[in-house]
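In my numbering, the protein residues as written are 361 to 727.
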């Protein structure tokens, strides 16, 4: 019952983003079921005639998922789980079937340091995301499972060689130097080898897979905070592997040292430094309750926060403040020098814009 402008669209066009559909037709978390989504897609005018050009579209992949359900008679996730993921060794990939425990799910944070939550804490249907997100994204996974998936394709574990060859054929030109296969972008490296890759993100979480198919290297990057520069990180790792002349720059070490800023941010950094110097359990607990943002505070039990601070107190101990490196208006590196040692410790601190509460914390050790 497709209308005339869509009746000739093929699976190949849906797979290669050449069917002509718009990028999206609604918000990821709008409550829309399969048939209502299909009806909406059939009503909406196409952006261009099918097969005439490339335009990345989530709509096309949701329609492909609807076709999978109609043909197989089971849900999209169930089909993927039983026919592809489990045989490939991807036991921690899916919407709900992996039966995640809370501790297994990464908690996302916005660029402002606010707690966004886990994927399945968002407004989903009982069996996974609604259809503006289903089949084109929203699937949770692990770095190990993503590596296993690449290996399954490489070794023809779940698809025969002819199918895999069609997936990785550069069917259509993208913008820039890449072509699109079926769900993968294909590049030619400076060495004349194939780089097969795809990333995904929602403005909070980000994931990237780079498979150097002719050189036996797979890079998987996953992050629960889509920070600036994240999209280049995996590519820089690739250059580190293959380009002996590439000298990656570590941003925090490139920043000049500044005095601790004046105002609420500086006071928070000084208070943190004092706790790291060594404080009793009661003082440290009070600091945690009064200085950590509510999202950060609630993400793990108080005892786990205490353990983290006690480890910093043990490893850093008495120190002098060498200065701070400002990464952006809310993110600092507090550079500490351990007394009686040449060791430098870089404590990365993210502060909430509205009240300077600590919304992120990490430690780097160096000489």
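By construction, the Cβ of each residue, glycine as well, lies at the ideal position given by its N, Cα and C atoms.
DSSP on residue i, reduced to helix/strand/coil?
{"i": "residue 427", "result": "helix"}
{"i": "residue 698", "result": "strand"}
{"i": "residue 381", "result": "coil"}
{"i": "residue 413", "result": "coil"}
{"i": "residue 434", "result": "coil"}
{"i": "residue 706", "result": "strand"}
{"i": "residue 721", "result": "strand"}
{"i": "residue 420", "result": "helix"}
{"i": "residue 443", "result": "helix"}
{"i": "residue 548", "result": "strand"}
{"i": "residue 400", "result": "helix"}
{"i": "residue 457", "result": "coil"}
{"i": "residue 375", "result": "helix"}
Shortest alpha-carbon distance to residue i belongs to which of the options?
{"i": "residue 536", "options": "643, 501, 414", "result": "414"}
{"i": "residue 689", "options": "449, 715, 542", "result": "715"}
{"i": "residue 659", "options": "482, 476, 376, 594", "result": "476"}
{"i": "residue 532", "options": "681, 420, 383, 412", "result": "412"}
{"i": "residue 307", "options": "572, 378, 385, 673", "result": "Outside the shown range of the chain (361 to 727) lies residue 307, about which nothing can therefore be said."}
{"i": "residue 705", "options": "679, 712, 656, 711", "result": "679"}
{"i": "residue 675", "options": "656, 682, 664, 698", "result": "698"}
{"i": "residue 672", "options": "654, 638, 683", "result": "638"}
{"i": "residue 596", "options": "579, 583, 564", "result": "579"}
{"i": "residue 405", "options": "380, 677, 665", "result": "380"}
{"i": "residue 503", "options": "529, 565, 574, 581", "result": "581"}
{"i": "residue 393", "options": "495, 511, 474", "result": "495"}
{"i": "residue 615", "options": "490, 473, 686, 439", "result": "686"}
{"i": "residue 438", "options": "456, 448, 421, 422", "result": "456"}
{"i": "residue 446", "options": "467, 505, 431", "result": "505"}
{"i": "residue 458", "options": "440, 471, 467", "result": "440"}
{"i": "residue 497", "options": "419, 513, 530", "result": "419"}
{"i": "residue 617", "options": "682, 574, 577", "result": "682"}
{"i": "residue 385", "options": "649, 365, 407", "result": "407"}
{"i": "residue 492", "options": "444, 514, 422", "result": "422"}
{"i": "residue 511", "options": "651, 577, 650", "result": "577"}
{"i": "residue 479", "options": "670, 649, 564, 366", "result": "564"}
{"i": "residue 651", "options": "624, 664, 677, 667", "result": "624"}
{"i": "residue 591", "options": "559, 600, 622", "result": "559"}
{"i": "residue 622", "options": "670, 635, 677, 684", "result": "684"}
{"i": "residue 526", "options": "513, 665, 696", "result": "513"}
Thinking residue i and residue j are a contact (beta carbons under 8 angstroms), I'd like their distance in whole angstroms, please.
{"i": "residue 633", "j": "residue 694", "result": "7 angstroms"}
{"i": "residue 450", "j": "residue 509", "result": "6 angstroms"}
{"i": "residue 500", "j": "residue 454", "result": "7 angstroms"}
{"i": "residue 469", "j": "residue 584", "result": "7 angstroms"}
{"i": "residue 473", "j": "residue 724", "result": "About 19 angstroms separates the two Cβ atoms, so there is no contact after all."}
{"i": "residue 417", "j": "residue 377", "result": "5 angstroms"}
{"i": "residue 645", "j": "residue 662", "result": "7 angstroms"}
{"i": "residue 490", "j": "residue 390", "result": "6 angstroms"}
{"i": "residue 594", "j": "residue 574", "result": "Not quite, the Cβ-Cβ distance comes to about 18 angstroms (not below 8 angstroms), so this is no contact."}
{"i": "residue 719", "j": "residue 653", "result": "4 angstroms"}
{"i": "residue 647", "j": "residue 631", "result": "7 angstroms"}
{"i": "residue 410", "j": "residue 368", "result": "6 angstroms"}
{"i": "residue 528", "j": "residue 546", "result": "6 angstroms"}
{"i": "residue 570", "j": "residue 589", "result": "Between residue 589 and residue 570 the Cβ distance is about 16 angstroms, and since that is not below 8 angstroms, they are no contact."}
Using 7 angstroms as the cut-off, classify the Cβ of residue i as near or not near the heavy atoms of the ligand SAM, replying yes or no.
{"i": "residue 573", "result": "This structure simply doesn't include the ligand SAM, nor any ligand for that matter."}
Contact the region 455 to 464 vs the region 514 to 524: 3+ CB pairs below 8 angstroms: No: fewer than three Cβ pairs fall under 8 angstroms.
At least 3 beta-carbon pairs within less than 8 angstroms: the region 486 to 502 vs the region 549 to 559: Contact fails: fewer than three Cβ-Cβ distances are below 8 angstroms.
Sufficient close CB pairs (3 or more, under 8 angstroms) joining the region 413 to 427 to the region 389 to 405: The region 413 to 427 makes contact with the region 389 to 405; the number of CB pairs closer than 8 angstroms reaches 3 or more.
Runs of alpha helix (DSSP H) lying entirely within the region 620 to 698, each at least 4 residues, in chain order: For secondary structure counted as the alpha helix (DSSP H) over 4 or more consecutive residues, the region 620 to 698 holds these complete runs in sequence order: 624 to 637, 641 to 651, 654 to 658, 662 to 675.
Entirely enclosed alpha helix (DSSP H) segments - the region 467 to 539, minimum 4 residues: Taking only runs of at least 4 residues, the alpha helix (DSSP H) segments lying wholly in the region 467 to 539 are 503 to 514, 521 to 527.
Ordered list of beta strand (DSSP E) runs contained in the region 551 to 619, each at least 3 residues: Taken in chain order, the whole beta strand (DSSP E) runs of length 3 or more contained in the region 551 to 619 are 554 to 561, 566 to 572, 577 to 583.
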